[in-house]
Every structure is written in C-alpha cells, then in structure tokens.
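Let me begin by presenting the structure, written as structure tokens, before commenting on it.
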Amino acid sequence: MILTTTPAVEGRVIEQYLGIVVGEAIVGANIFKDFFAGIRDIVGGRSGAYEEELQKARNIAIQEMTASAQALGANAIVGIDLDYEVLGQGGSMLMVTVSGTAVVLK
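Below, the structure is given as structure tokens:
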C-alpha cells in the first residue's frame, strides 16, 4: 500500500478512485505522564511520554485507514491529511484523525 500526502504518485497513473477512507484513534494520557510532562514544561525539554502517545495514536489511525482502503481493493491512498485534537476534561485525551482517497494505481 502506497501512502502519500500528494494528490498523485509520480510515475503512476490513477486507474480508479474508490472513495475517502478514514482512520481515528483516541488515546488517554495517565496522571503520571501528565505530572512528568508538567515538570518538563517548567524545566524545559521534550515530553517523551506525550510524544510516545502521539506516535501510538498516529500509527493506530493510519493502520485503520489502510485497512479500510484494502477492503475496497485499493493499492494506494493519496491526499492524506492528519489532524490532531485534544479532548476531555483538562485535555486528558488525544484524538488523531487521518483521511485520504483510496485509489487503484496502474
């Protein structure tokens, strides 16, 4: 499965458009990760705990989108867009949405 943010794949012809495919993931950050991230914000540096959760959510969403495209018979997804949102009380949940167009490449 070819995944790209561009509207086409260089050197390949889109033979068929199969429709929009979407993947979503919502993950929660626990209180200990929140606590240590807060300390990092005060003293500076990167929050490894949040970066790990963000990567996990992104991977889940991409896998879900890819599975949907495969079920349609696609061999590529073009025009991929990633969105991130913070949800829940005090921003305790992270939502990642990824979407694109499932296509069949020649």
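When you line the sequence shown up against our numbering, it's residues 58 to 163, in that order. Cβ coordinates follow ideal geometry from the N, Cα and C atoms, glycine included.
Name the DSSP bridge partner or partners of Y74?
-> For the purposes of this step, residue 74 is taken as residue 17 along the sequence shown, with counting starting at 1. Note: Y74 sits in a beta bridge opposite V160.
Would you tell me roughly how many angstroms separate the C-alpha atoms of G136 and E108, rounded to the nearest one?
-> Taking the first residue of the sequence shown as 1, we reach residue 136 at position 79. Taking the first residue of the sequence shown as 1, we reach residue 108 at position 51. Cα to Cα, the separation comes out at about 24 Å.
Can the beta-carbon of N132 be found closer than 8 Å to that of I59?
-> Start at 1 with the first residue of the sequence shown, and residue 132 comes out as number 75. Start at 1 with the first residue of the sequence shown, and residue 59 comes out as number 2. Result yes, Cβ atoms of N132 and I59 sit closer than 8 Å.
Throw me the rounded Cβ distance for the S118 and I134 pair, which I believe falls under 8 Å.
-> Within the sequence shown, the letter at position 61 stands for residue 118. Within the sequence shown, the letter at position 77 stands for residue 134. The question names Ser, yet the displayed sequence has Ala at residue 118. That pair is no contact at about 12 Å.
G80: buried (16+ other C-beta within 10 angstroms of its C-beta) or exposed?
-> Locating residue 80 in the sequence shown gives position 23, where the first residue counts as 1. G80 should be labelled buried.
What three-state label does DSSP hand T62 in the structure shown?
-> Position 5 of the sequence shown, counted from the start, is the residue given in the question as residue 62. It is coil, neither helix nor strand.
Taking the C-alpha atoms as reference points, what is the distance between L129 and A65?
-> Position 72 of the sequence shown, counted from the start, is the residue given in the question as residue 129. Position 8 of the sequence shown, counted from the start, is the residue given in the question as residue 65. When rounded, the distance between both Cα atoms is 18 Å.
Could you check what DSSP says for G68 in three-state terms: helix, strand or coil?
-> Residue mapping note: residue 68 aligns to position 11 of the sequence shown, counting from 1. Coil, per DSSP.
Name the two residues that bound the continuous beta strand (DSSP E) containing G136.
-> Working through the sequence shown from its first residue, we reach residue 136 at position 79. Start and end: A133 to L144.
Residue nearest to L151 in terms of C-alpha spacing, selected from D138, K163, Q112 and A126 = In the sequence shown, residue 151 corresponds to position 94, counting from 1. Comparing Cα positions, the closest option is Q112.
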